[in-house]
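Quick note, the sequence shown lines up with residues 1 to 196 if you use UniProt numbering.
C-beta: ideal position from N, C-alpha, C; glycine also.
This one's a predicted model, so the numbers in the text were calculated from it and none came from an experiment.
Here the structure is laid out as structure tokens; the discussion comes afterwards.
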Amino acid sequence: MYASHDAFRRDLARLADAVAEGRAGTPAVRTGWQNFQHQLHVHHTAEDAGLWPRVRERVAGRPRELALLDAMEDEHSRIDPLLAAVDTALADRAPELGDLVRALTATLDDHLKHEEDDALPLIQDVLTDADWGAFIGRIRETQGVRGAAVFVPWVVDGAPPADRARFLGSMPPPVRVLNRLFWQAGYRRKGLWAHG
């Protein structure tokens with residue numbers, strides 16, 4: 001979760017840089033933005049369908065925790081219109097693109113911080129290893145092997161060495177081998193966010 005959150009923040013910083021540098025309309029930026037939207041959609045869909053309902057079952061009768069879960073779902077619903085607005089402004093090369101990217105960045109960062117500070121500790125407190133495994137399994141099922149071939153190198157793209165090692169160390173050995181031998185190179189060839 002934390003590694004994915006870092007990757008979302010990194011990509012929005014890359015988008016903001018591209019807008020500021022006047023290269024938001026390049027194919028590399030468009031491809032990077034499309035991947036960002038896909039990864040965020042998979043992440044939030046898995047949370048909404050497979051994570052929050054499990055947590056909700058475990059905290060039934062606990063109003064404060066239930067209110068936190070309601071807030072998580074509400075925050076997701078506030079992000080979607082901003083994604084659509086940025087997407088439209090990017091396609092139209094609209095002058096308000098920079099402002100929309102800043103609004104999306106602030107809204108998503110507030111949500112991610114809220115999730116990290118309050119929801120993830122609750123998740124760790126109430127979910128079993130089997131619950132957590134079911135959630136991870138849902139993401140893997142949604143991504144499939146093709147999705148994993150982008151997701152794994154995307155998460156570690158530009159990550160500090162310790163974070164990269166921690167994330168890859170949490171992956172099964174075959175995933176690490178596939179990433180090293182094939183996925184990294186395929187991801188680099190996509191040139192997401194690349195200059196020129």
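Ignore the nearest five residues each way along the sequence and tell me which others in residue i's own chain have a CB closer than 7 angstroms to its CB.
| i | result |
| --- | --- |
| residue 156 | 164, 167, 168 |
| residue 11 | 32, 36 |
| residue 5 | 112, 116 |
| residue 25 | 93 |
| residue 120 | 1 |
Comparing the CB of residue i with every heavy atom of the ligand ATP, is any distance shorter than 8 angstroms?
| i | result |
| --- | --- |
| residue 2 | Summarising the ligand content, the structure contains no ligands, and the ligand ATP is consequently not present. |
Take the Cβ of residue i as the centre, count every other Cβ of all protein chains shown within 10 Å, and call the residue buried at 16 or more, exposed below.
| i | result |
| --- | --- |
| residue 2 | exposed |
| residue 41 | exposed |
| residue 106 | exposed |
| residue 181 | exposed |
| residue 27 | exposed |
| residue 44 | buried |
| residue 65 | buried |
| residue 78 | exposed |
| residue 162 | exposed |
| residue 84 | exposed |
| residue 89 | buried |
| residue 149 | buried |
Could you check the C-alpha separation between residue i and residue j for me, to the nearest Å?
| i | j | result |
| --- | --- | --- |
| residue 63 | residue 188 | 46 angstroms |
| residue 132 | residue 19 | 38 angstroms |
| residue 48 | residue 39 | 14 angstroms |
| residue 86 | residue 74 | 19 angstroms |
| residue 82 | residue 57 | 30 angstroms |
| residue 146 | residue 176 | 15 angstroms |
| residue 67 | residue 52 | 12 angstroms |
| residue 194 | residue 159 | 16 angstroms |
| residue 80 | residue 192 | 22 angstroms |
| residue 23 | residue 13 | 14 angstroms |
| residue 61 | residue 69 | 13 angstroms |
| residue 184 | residue 129 | 29 angstroms |
| residue 55 | residue 136 | 14 angstroms |
| residue 50 | residue 59 | 15 angstroms |
Could you pull out every residue in the same chain whose Cβ sits closer than 6 angstroms to the Cβ of residue i, ignoring the five residues on either side in sequence?
| i | result |
| --- | --- |
| residue 139 | 46 |
| residue 208 | No answer is possible for residue 208: the residues shown for the chain start at 1 and end at 196. |
| residue 76 | 44 |
Near residue i, what residues of its chain come up, given a Cβ to Cβ distance below 8 angstroms and the 5 sequence neighbours on each side ignored?
| i | result |
| --- | --- |
| residue 154 | 7, 35, 39, 187, 192 |
| residue 118 | 68 |
| residue 101 | 12, 15, 16, 19, 86 |
Pairing CB atoms from the region 122–137 with CB atoms from the region 100–113, are three or more of them under 8 angstroms?
Result no; under three Cβ-Cβ pairs closer than 8 angstroms.
Uninterrupted alpha helix (DSSP H) stretches inside the region 98–133 (no shorter than 4 residues):
Taking only runs of at least 4 residues, the alpha helix (DSSP H) segments lying wholly in the region 98–133 are 120–126.
Contiguous alpha helix (DSSP H) assignments of at least 4 residues, all confined to the region 5–51:
With a minimum length of 4 residues, the continuous alpha helix (DSSP H) runs that stay inside the region 5–51 are 27–46.
For a minimum of 4 consecutive residues, which ranges assigned as the alpha helix (DSSP H) are wholly contained in the region 54–97?
Counting whole runs of 4 or more residues, the region 54–97 contains the alpha helix (DSSP H) stretches 63–92.
Just list the alpha helix (DSSP H) runs in the region 129–169, keeping only unbroken ones of 4 residues or longer that don't cross its boundaries, in chain order.
Residue ranges of uninterrupted alpha helix (DSSP H) with 4 or more members, entirely inside the region 129–169 and ordered along the chain, are 129–156, 161–169.
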